[in-house]
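Asks:
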Amino acid sequence: MDLISPQQLPICIPIPPPAPFDGTSLAGFAVNPVIPMSTGRFPGATTSRPLRRRFAIDGRVRSGCLTCKTRKKKCDGQASSFDGRCRSCVRLGLVCEQLPLQRVSPRSPRMRARGDEITRLQPSKAEDGSPSHAAGSPTGAHDNNDNNIIINDNGNDNDNHNDNHNHNEAAQRTETLVSSTPCNPAISGSGDDIERVLLRYFLDHVTPLCSILQQDGGSFCSVLLPMAIVDPSLLHALFTYASVHFDAATPAIPVTPEARLKFENQVARGVAEAITKNTVAEPTVACALIISTAEVIGGDTSRWLLHLQGAGHLVNHLGTSRLLRTADGSFLLRYFAYHDVMASLSTGHRTAVDGVYWVQDVDATVDSADSFMGLAHHIFRHLTEISAFVADTADLDPSSCSDRRSRDTLRADDMAHALRSQDLHLQVDPTDSHIKALIHHAEAFRFAALFYLYRHLLRFSDAGAVYRLRMENCVQQILQRVSQVPSNLFCEIGLLFPLFMAGIGSRDDASKTQYIQNRLACIESWTKFKHVARARELLQLLWDKGRTDWEVMLRELNWNLSFA
551 MDLISPQQLP
561 ICIPIPPPAP
571 FDGTSLAGFA
581 VNPVIPMSTG
591 RFPGATTSRP
601 LRRRFAIDGR
611 VRSGCLTCKT
621 RKKKCDGQAS
631 SFDGRCRSCV
641 RLGLVCEQLP
651 LQRVSPRSPR
661 MRARGDEITR
671 LQPSKAEDGS
681 PSHAAGSPTG
691 AHDNNDNNII
701 INDNGNDNDN
711 HNDNHNHNEA
721 AQRTETLVSS
731 TPCNPAISGS
741 GDDIERVLLR
751 YFLDHVTPLC
761 SILQQDGGSF
771 CSVLLPMAIV
781 DPSLLHALFT
791 YASVHFDAAT
801 PAIPVTPEAR
811 LKFENQVARG
821 VAEAITKNTV
831 AEPTVACALI
841 ISTAEVIGGD
851 TSRWLLHLQG
861 AGHLVNHLGT
871 SRLLRTADGS
881 FLLRYFAYHD
891 VMASLSTGHR
901 TAVDGVYWVQ
911 DVDATVDSAD
921 SFMGLAHHIF
931 RHLTEISAFV
941 ADTADLDPSS
951 CSDRRSRDTL
961 RADDMAHALR
971 SQDLHLQVDP
981 TDSHIKALIH
991 HAEAFRFAAL
1001 FYLYRHLLRF
1011 SDAGAVYRLR
1021 MENCVQQILQ
1031 RVSQVPSNLF
1041 CEIGLLFPLF
1051 MAGIGSRDDA
1061 SKTQYIQNRL
1071 ACIESWTKFK
1081 HVARARELLQ
1091 LLWDKGRTDW
1101 EVMLRELNWN
1111 LSFA
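Just so we're aligned, residue 551 is where the sequence shown starts under our numbering, counting upward by one.
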């Protein structure tokens, strides 16, 4: 018989029968022992127990002490009640550095009611749910009877705002508008908060206004944002651009001058460093262009030209052929060329780069619209020649050498004939409403350039009467084309130069001047571009004094105006 050792015997613990529950004691129940979470503590102790993490520590831990973050270790986040150190720092004997506490500034009741986030700008809705124009919106500024002086291609008056079909089309177009009364919070707080708000404002509200195409803000984002990620100078340039437009859209809640000065200093420091180290690249050119454009829409009359000339030096340094090799470089080159050509027309100087330098093939067909020139690629090639001609003949007058005057007059007539007969070389859908507007935009530029050239010939040519008749025809053609562009399409942004030239030629016609002023006021009201206001002021000064010599008036005012 095998013997059983005491170790093999089962252990039997007798449990007494449960006592009846009297409502005041738990002695009648077998209770499992409770294992405390911390050693040396009991459940009734006043000191709080260490907290259990609800989630496993996986990947990057954004909370915890700075010491563990510096060591790139995971922090348990459980501060000791004795000295406030985490367990990792206690175990290793390290100084446990914590993030400083931040004070939250109280918000005013108005800000609490409006919210802390910038809301997307939407056109106001009528009671029936259809889009309606607020005061100062494009259609609101355009719904006047002054536009009935424009004759369309069929010879009928252009006063058809009461037509139901056109009203529905206008309401549909209004859905893409940017409202002129944004609801934005105060720009205050830390630098990171300001930059975050401005970047979102730039993406939501500024980029759509950087193009004359509908819903084309993505092209700016796709080019500029990847560059800004690797180049902080360009990112600060975008902050500057957004702050300028933010101040114009919400003058009651401006960005502090200190914040904007900080952004501009960062841009200047980055560009200067790139030039010093000979590391100029595409983001450097973008910085100069963005700052110049920001100064333009802010209504500046001097600094924008200096920044644009600086961008021209950077483009010449890199070379147009190098920029044309990449899609981003080609975009920046077209961006610069557009502003360069517009500046040459307003200042009477040559373009920074001669020729049609922004495309590979000058005679190529146009199968898509450009963000800046629309469908007027082949019109802009003549604008560079006209600006060069104006700069070359700036010293001519009726007392100049007759042979030179005759030679230059013949040269100008050849340029005018080439511009009048220039085909747009389009391969686009002509039935698209947006394409139609862009075609009218291109034709308005054609006749505005012809008016600009004919008016310059009046200075020294003997055939002044002939050119005055041609100028009158150009004004009529400009206003016809402009009237075909709806007043709430982004294409309207690019009509400043044609409208200004028509205003110069309409000094003695009150109905036309009123239409031009209202159309410019419409553009200014919904874009908040202050250089449009400068153009309106200049035209009004000329009309009040009965003058047309706008170049002389600019010199008297010491202004440099951009037609972009």
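Positions of the beta carbon are idealized from the N, C-alpha and C atoms, including for glycine.
Mind checking which residues open and close the alpha helix (DSSP H) that includes W1100?
Replies: Taking the first residue of the sequence shown as position 1, residue 1100 is located at position 550. W1100 to L1107 is the span of the alpha helix (DSSP H), which, as asked, contains W1100.
Asks: Take M1103 and list the residues in its own chain whose beta-carbon comes closer than 8 Å to its own, dropping the five residues that flank it on each side.
Replies: Counted from its first residue, the sequence shown places residue 1103 at position 553. For M1103, where only same-chain residues beyond five positions count, the Cβ hits under 8 Å are L1088, L1091, L1092 and R1097.
Asks: Per DSSP, what are the beta-bridge partners of V773 in this structure?
Replies: Here residue 773 refers to the residue found at position 223 of the sequence shown. Residue pairing by DSSP places V773 opposite no residue, since no beta bridge is assigned to it.
Asks: Please report how far the alpha carbon of L763 lies from the alpha carbon of L1029, in whole angstroms.
Replies: Taking the sequence shown and counting its residues from 1, one reaches residue 763 at position 213. Taking the sequence shown and counting its residues from 1, one reaches residue 1029 at position 479. Straight-line Cα distance between these residues: approximately 21 Å.
Asks: What first and last residue would you give for the alpha helix (DSSP H) that runs through L1046?
Replies: The residue labelled residue 1046 in the question sits at position 496 within the sequence shown. L1046 to G1055 is the span of the alpha helix (DSSP H), which, as asked, contains L1046.
Asks: Take G879 and list the residues in its own chain whose beta-carbon comes closer than 6 Å to its own, dropping the five residues that flank it on each side.
Replies: What you label residue 879 is simply residue 329 of the sequence shown in a count that begins at 1. The residues are E832 and L873.
Asks: Go through its chain and collect everything with a Cβ distance to G905's Cβ below 8 Å, but skip five positions before and after it.
Replies: To locate residue 905, count along the sequence shown from 1; it is residue 355. Closer than 8 Å at Cβ, skipping near neighbours: T934.
Asks: Looking only at C-alpha atoms, which of R957, Q910, S894 and W1076 sits nearest to H928?
Replies: On the sequence shown, residue 928 is found 378 positions in, with the first residue counted as 1. Of the candidates R957, Q910, S894 and W1076, the one whose C-alpha sits nearest the C-alpha of H928 is Q910.
Asks: For R931, count the other beta carbons within 10 Å of its own beta carbon; 16 or more makes it buried, fewer makes it exposed. Which is it?
Replies: Sequence index remark: in the sequence shown, residue 931 carries index 381 (1-based). Buried, since its Cβ has 16 or more Cβ neighbours within 10 Å.
Asks: Measuring straight from C-alpha to C-alpha, what distance separates D766 and L1039?
Replies: Counting from 1 along the sequence shown, the entry for residue 766 is found at position 216. Counting from 1 along the sequence shown, the entry for residue 1039 is found at position 489. If you take the alpha carbons of D766 and L1039, they lie about 12 Å apart.
Asks: Tell me, please, which residues DSSP counts as bridged to V794.
Replies: Here the question's residue 794 lines up with position 244 in the sequence shown. Answer by DSSP bridge pairing: none, since V794 is not bridged.
Asks: Among residues of its own chain, excluding the 5 on either side of R1020, which ones have a beta-carbon nearer than 6 Å to its beta-carbon?
Replies: Here residue 1020 refers to the residue found at position 470 of the sequence shown. Scanning its chain for C-beta atoms nearer than 6 Å, with the 5 sequence neighbours on each side dropped, one finds around R1020 the residues Y1004, in chain order.
Asks: Considering K624, what are the terminal residues of the alpha helix (DSSP H) in which it resides?
Replies: Start at 1 with the first residue of the sequence shown, and residue 624 comes out as number 74. According to the DSSP assignment, K624 belongs to no alpha helix (DSSP H), since it is labelled neither H nor E.
Asks: Just reading off the alpha helix (DSSP H) that E845 is part of, what are its end residues?
Replies: By 1-based counting over the sequence shown, the position of residue 845 is 295. That run of the alpha helix (DSSP H) goes E832 to I847.
Asks: For L642, which option in Y885, K623 and M1051 has the closest C-alpha, if you only look at C-alpha atoms?
Replies: Position 92 of the sequence shown, counting from 1, holds the residue named residue 642. If we check each option's Cα against that of L642, K623 comes out closest.
Asks: For D958, write down the residues that DSSP places opposite it in a beta bridge.
Replies: For the purposes of this step, residue 958 is identified with residue 408 of the sequence shown, where counting begins at 1. DSSP output for D958 lists no bridge partner at all.
Asks: Between D1025 and S1056, how many whole angstroms is the CB-CB distance? I'm expecting something under 8 Å.
Replies: Translated into the one-based positions of the sequence shown, residue 1025 becomes position 475. Translated into the one-based positions of the sequence shown, residue 1056 becomes position 506. Just to set this straight, residue 1025 is Val in the shown sequence, not Asp. That belief holds up - the Cβ atoms of V1025 and S1056 are roughly 6 Å apart, short of 8 Å.
Asks: Is it right to say V916 is buried, meaning 16 or more other beta carbons lie within 10 angstroms of its own, or is it exposed?
Replies: The residue you call residue 916 lines up with position 366 of the sequence shown. The residue in question, V916, is buried, as its Cβ has 16 or more Cβ neighbours within 10 Å.
Asks: Do Y1002 and M1051 have their C-beta atoms within less than 8 Å of each other?
Replies: What you label residue 1002 is simply residue 452 of the sequence shown in a count that begins at 1. What you label residue 1051 is simply residue 501 of the sequence shown in a count that begins at 1. The answer is yes: Cβ separation under 8 Å.
Asks: Measuring only the C-alpha atoms, how far is T726 from Q1034?
Replies: Residue 726 sits at position 176 when you count from the first residue of the sequence shown. Residue 1034 sits at position 484 when you count from the first residue of the sequence shown. In this prediction, T726 has a pLDDT of 37, which is less than 50 and means its spatial position is unreliable; what the coordinates show is noted afterwards. Put simply, the backbone Cα of T726 is about 18 Å away from that of Q1034.
Asks: Cβ atoms of L1000 and L969: under 8 Å apart, would you say?
Replies: Sequence index remark: in the sequence shown, residue 969 carries index 419 (1-based). Sequence index remark: in the sequence shown, residue 1000 carries index 450 (1-based). Against a cut-off of 8 Å, the Cβ pair of L1000 and L969 comes out as a contact.
Asks: Are the stretch 877–895 and the stretch 855–866 touching, with three or more C-beta to C-beta distances below 8 Å?
Replies: yes
Asks: Going straight from the alpha carbon of N712 to that of E1022, what length do you get?
Replies: Here the question's residue 712 lines up with position 162 in the sequence shown. Here the question's residue 1022 lines up with position 472 in the sequence shown. Bear in mind that a pLDDT of 40 at N712, under 50, signals an unreliable position, so the model cannot answer this.
Asks: Is it true that the CB of V846 sits closer than 8 Å to the CB of A1114?
Replies: Stepping through the sequence shown from its first residue, residue 1114 is reached at position 564. Stepping through the sequence shown from its first residue, residue 846 is reached at position 296. For A1114 and V846, yes; Cβs fall inside 8 Å.
Asks: Beta-carbon separation of F813 and T790 under 8 Å?
Replies: For the purposes of this step, residue 813 is taken as the residue at position 263 of the sequence shown. For the purposes of this step, residue 790 is taken as the residue at position 240 of the sequence shown. Yes, these two residues count as a Cβ contact at 8 Å.
Asks: Residues in its own chain within less than 7 Å of R604 by CB, not counting five upstream and five downstream?
Replies: As a position in the sequence shown, residue 604 is number 54, starting the count at 1. Residue placement at R604 cannot be trusted, given a pLDDT of 49 that sits under 50; the coordinates are not used to answer.
Asks: What is the C-beta distance between M777 and A836, in whole angstroms, given that I count them as a contact (C-beta under 8 Å)?
Replies: Within the sequence shown, the letter at position 227 stands for residue 777. Within the sequence shown, the letter at position 286 stands for residue 836. Yes, M777 and A836 are in contact; Cβ-Cβ is about 6 Å, under 8 Å.
Asks: Can you give the beta carbon distance from V1032 to L1049, rounded, assuming they're within the 8 Å contact cut?
Replies: As a working note, residue 1032 is residue 482 in the sequence shown. As a working note, residue 1049 is residue 499 in the sequence shown. The pair is a contact, with the Cβ atoms about 6 Å apart (cut-off 8 Å).
Asks: If I measure Cβ to Cβ from Q517 and keep anything under 8 Å in the same chain, skipping five residues before and after, which residues do I get?
Replies: Past the edges of the chain, shown from 551 to 1114, lies residue 517, and the structure says nothing about it.
Asks: Would you kindly report the start and end of the unbroken alpha helix (DSSP H) that includes P801?
Replies: The residue labelled residue 801 in the question sits at position 251 within the sequence shown. Unbroken run through P801: none, as it is neither H nor E.
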